[in-house]
Every structure is written in structure tokens, then in C-alpha cells.
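In this note's numbering, each residue's number is its place in the sequence shown (first place is 1) plus 2.
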Amino acid sequence: MRMSSMIVCKRTQPFLHNIPTGGLDMQILRPQPPKEKVVVVMGATGTGKSRLSIDLATRFPAEIVNSDKMQVYEGLNIVTNKITEEERRGVPHHLLGVIDPTSDFTASNFCNMASAAMKSIVSREQIPIIAGGSNSYIEALVDDDDYEFRSRYECCFVWVDVSLPVLHSFVSERVDRMVEKGMLEEVRKMVTPHVDYSRGIMKAIGVPEFDKYFRAESFSDEETRAILLEEAKNEIKINTCILARRQLEKIKRLRNVKGWRVHRLDATEAFRKCGEEGEEAWEKLVVGPSTMIVGRFLYNFGPKVYGDVTVTRAAAMGTAMAAASH
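1. CB-CB under 6 Å to residue 183, same chain, minus the five flanking residues each way: which ones, in chain order?
2. When DSSP labels each residue in this structure, what does residue 14 get in the three-state scheme?
3. With a Cβ-Cβ cutoff of 7 Å, do residue 234 and residue 212 count as a contact?
4. Using the three-state DSSP reduction, which class does residue 161 fall into: helix, strand or coil?
5. Which whole runs of the beta strand (DSSP E) in the region 262-307 are 3 residues long or more, in chain order?
6. Rounded to whole angstroms, what's the CA-CA distance from residue 43 to residue 249? Just pull it up for me.
7. Nearest-angstrom Cα distance between residue 290 and residue 201?
8. Is the distance from the Cβ of residue 362 to the Cβ of residue 172 below 7 Å?
9. Excluding sequence positions up to five away, which residues of its chain have a Cβ less than 8 Å from the Cβ of residue 154?
10. Nearest to residue 216 by alpha carbon, out of 119, 196, 73 and 103?
11. Would residue 177 and residue 238 be called neighbours here (beta carbons separated by less than 7 Å)?
12. What did DSSP end up calling residue 254 once you bin it into helix, strand or coil?
13. Using the Cα positions of residue 329 and residue 78, report the straight-line distance between them to the nearest angstrom.
14. Three or more beta-carbon pairs under 8 Å between the region 256-265 and the region 155-164, yes or no?
15. Measure the C-alpha to C-alpha separation of residue 187 and residue 143 and round it to an integer number of angstroms.
16. If we ignore side chains and look at the alpha-carbon of each, how far apart do residue 101 and residue 75 end up?
17. Exposed or buried, which one is residue 19 when buried takes at least 16 other CB atoms within 10 Å?
18. For the beta strand (DSSP E) that contains residue 130, what are its first and last residues?
19. Would the region 223-234 count as touching the region 120-140 if we require 3 or more Cβ pairs under 8 Å?
20. Would you identify the three-state DSSP class for residue 235, choosing helix, strand or coil?
21. If you check the beta carbons only, do residue 73 and residue 98 fall under 7 Å apart?
22. In chain order, what residues of the same chain have a beta carbon less than 7 Å from the beta carbon of residue 55, not counting five sequence neighbours either side?
23. Take the Cβ of residue 92 as the centre, count every other Cβ of all protein chains shown within 10 Å, and call the residue buried at 16 or more, exposed below.
24. Return the residue from the list 34, 45 and 243 that minimises the CA-CA distance to residue 252.
25. Here's a check: name, in chain order, each residue in its chain whose Cβ is nearer than 7 Å to the Cβ of residue 280, leaving out the five neighbours to either side.
26. Kindly list the residues whose CB is nearer than 7 Å to the CB of residue 193, restricted to its own chain and excluding five residues on each side of it in sequence; keep chain order.
27. Closer than 7 Å by C-beta to residue 170: which residues in its own chain qualify, once you throw out the five before and the five after it? Chain order, please.
Rendered as C-alpha cells:
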């Protein structure tokens with residue numbers, strides 16, 4: 003059950019006392035308005051960012067703002083791995099499948115649209131959860147040149163991490179599943195003889211890799227087509243793994259160089275397990291700790307979390323989890 007939206011998710015600023023007023027700008031000394039709170043779910047492709055954002059949005063009064071630069075486009079739902087209506091579990095989503103697939107969507111476009119979405123969400127006394135793998139877009143939004151975002155919002159950054167060997171194996175299997183679900187046919191409908199792979203959604207991993215297959219398909223025998231399809235799938239897997247490494251490097255730079263306070267959750271064991279064991283590991287290693295982190299951030303209860311280490315007592319954990327489920 004989601005938390006009551008009547009709880010105010012803001013942190014008040016301390017009032018300044020006993021400061022001489024002579025020669026000082028009194029505007030500076032006035033209490034600053036409380037900042038709205040925003041949760042940002044980060045991680046490499048395939049680590050479960052969308053899943054975690056839904057898990058959190060069903061525990062807190064929240065709506066989700068997509069920050070994946072390919073998922074903002076309309077179409078190619080299999081290729082871009084858009085979360086389905088059923089998987090959204092009734093949680094409102096913004097910037098998901100709303101942009102013309104032939105247009106270019108820039109970081110500036112994202113900042114403008116995400117800011118508008120967040121203001122709308124906050125006006126309904128809901129918490130914006132920004133979730134997606136385009137960390138350059140998130141950085142442009144949070145660390146804008148005029149400091150407008152930081153002056154208005156306070157952020158809680160949650161990073162879902164999976165060890166690269168395990169993630170690469172998962173990504174490989176996911177590409178195979180995407181092809182089985184109709185990825186090839188989905189791309190075929192979008193490709194034209196003079197397609198430009200440098201614009202819009204056509205830049206997405208999983209589109210240009212099929213170009214050689216489509217060009218040779220009409221005059222190739224079945225064996226040749228099978229070989230070309232396998233080559234395309236392998237190229238998609240390689241490019242996706244390269245993307246994952248770049249995304250991880252970006253997150254580490256934001257954390258270690260720019261000083262963003264990012265809470266890391268290691269989901270590796272959840273990815274190693276299957277079925278019910280995998281679900282239990284996800285709840286224990288990802289959903290539970292992230293609920294604690296976000297609960298403390300929003301309402302100032304629960305354990306303190308520093309980087310990868312959670313400092314808590316069992317009683318405090320039980321109290322936080324109980325509160326977050328009502």
C-alpha cells in the first residue's frame with residue numbers, strides 16, 4: 003500500500019539567530035523555503051532500474067519520470083525495452099514513448115520536459131522518481147548551469163549495481179529473448195531504403211545492427227540469413243555491454259569526482275538466482291534497503307546509509323519497513 007500523500011516530503015531550513023544585521027542583505031537571512039524531494043534511480047542497462055522505480059512507487063506516493071533517451075521515443079517497444087502497461091502496476095509514467103521517433107531529443111529537451119513533469123507531480127503532492135540509464139541527461143538536469151534544480155529540489159540517488167560478468171550474461175540472454183518476442187519484425191517495420199541511423203530512435207542499439215541482414219535478406223538463402231541474424235544479435239550484445247560499461251563509468255564519475263552522494267545496492271546475487279529465489283534476493287538486497295534509504299530521505303526515519311554500508315538495528319529496520327508499507 004502506498005504511503006499517505008498527506009505527509010509533507012520536505013526538509014525545512016534552520017532559521018538563523020543572533021546574526022548582526024548591519025550592512026547585511028536581509029534577504030539572505032530570511033528562512034529559505036523547504037525543498038521538494040526527488041528520488042533518482044540509476045544503473046547500467048539491464049540492472050532493473052525500471053523495476054525498482056515501480057517497487058518504490060508502490061511503497062511511496064510517487065510518479066515516475068523516464069530518463070532513458072531512447073525510451074522517450076514512440077515505437078520500438080521491444081528494442082528499447084520499454085516497461086509494459088502491466089509492469090507499471092498503475093503507477094503514472096512521464097516522458098515514456100511520447101516523442102516522434104524521427105526527431106532528435108537532446109539533453110536540453112529532456113531538462114525542459116522533465117522539469118515540467120516534476121512540477122506537475124509535486125503539485126499533486128506526489129514524489130518524482132527519475133529512472134533511466136541516460137546519466138548525461140540526469141547530470142544536465144541536476145547540475146544545471148544556473149543551479150535552479152538544486153535550489154528547488156533535494157535528491158536521493160539510488161544506484162542498482164550488478165557485477166559486469168553477471169550483467170553481460172543477463173544482457174546476452176535478454177537479447178535472445180527480445181528476438182524471440184519479435185524484435186526483428188519490429189525493426190523491419192521502421193527501416194526504409196534510405197534510413198538515417200544517426201537520427202531519433204534509429205540510433206537505438208538493436209536497430210542499425212540489423213542493416214546488413216535487411217540488405218541481404220531478399221537474395222540470400224536460409225542458411226546465409228541465419229548466419230547474418232546471428233551476427234546481428236552478437237553485435238547487439240557487444241554494443242549493449244559496451245554501453246553498460248560506459249554507464250558505470252559515468253555513475254562512478256558522478257559519485258567519486260563530482261561528489262554526488264549515491265547509495266549503491268548490489269543486485270548481483272538476485273541476478274544469479276532464478277525463480278522464487280531470485281525474487282526473494284531482489285526483495286532482500288534491493289527493494290528492502292532502497293525502501294529504507296528513501297524512507298529516511300523523505301520522512302527522516304529508518305537507518306542511516308553511507309555508500310555501500312547500512313548502519314541500523316533490527317528494530318529500526320522493522321519499524322521503517324512497517325511504516326513504508328502503510
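Even for Gly, the Cβ is constructed at its ideal location relative to N, Cα and C.
Computed from a predicted model, the values in this text were never measured in an experiment.
According to the structure data:
1. The beta carbon of residue 183 sits closer than 6 Å to the beta carbons of 80 from its chain, once the five residues preceding and following it are set aside; these are given in chain order.
2. With a pLDDT of only 42 at residue 14, under 50, the local geometry of the prediction cannot be trusted, and the value read off the model is given with reservation. Here residue 14 sits in coil by DSSP.
3. yes
4. strand
5. 264-268
6. 13 Å
7. 40 Å
8. Nothing can be reported for residue 362, as the shown portion of the chain is limited to 3 through 328.
9. 37 and 38
10. Checking every option, the nearest Cα to that of residue 216 belongs to 196.
11. yes
12. helix
13. A query on residue 329 cannot be resolved here, the shown segment of the chain reaching from 3 to 328 and no further.
14. yes
15. 35 Å
16. 4 Å
17. Confidence is the limiting factor: at residue 19 the pLDDT is only 46, short of 50, which leaves the residue's position unreliable, though a coordinate-based value still follows. By the 10 Å Cβ count, residue 19 comes out exposed.
18. First-last of the beta strand (DSSP E) with residue 130: 129-133.
19. no
20. helix
21. Yes, they are a contact pair.
22. 43, 66, 131 and 133
23. exposed
24. 45
25. 272
26. 216
27. 243
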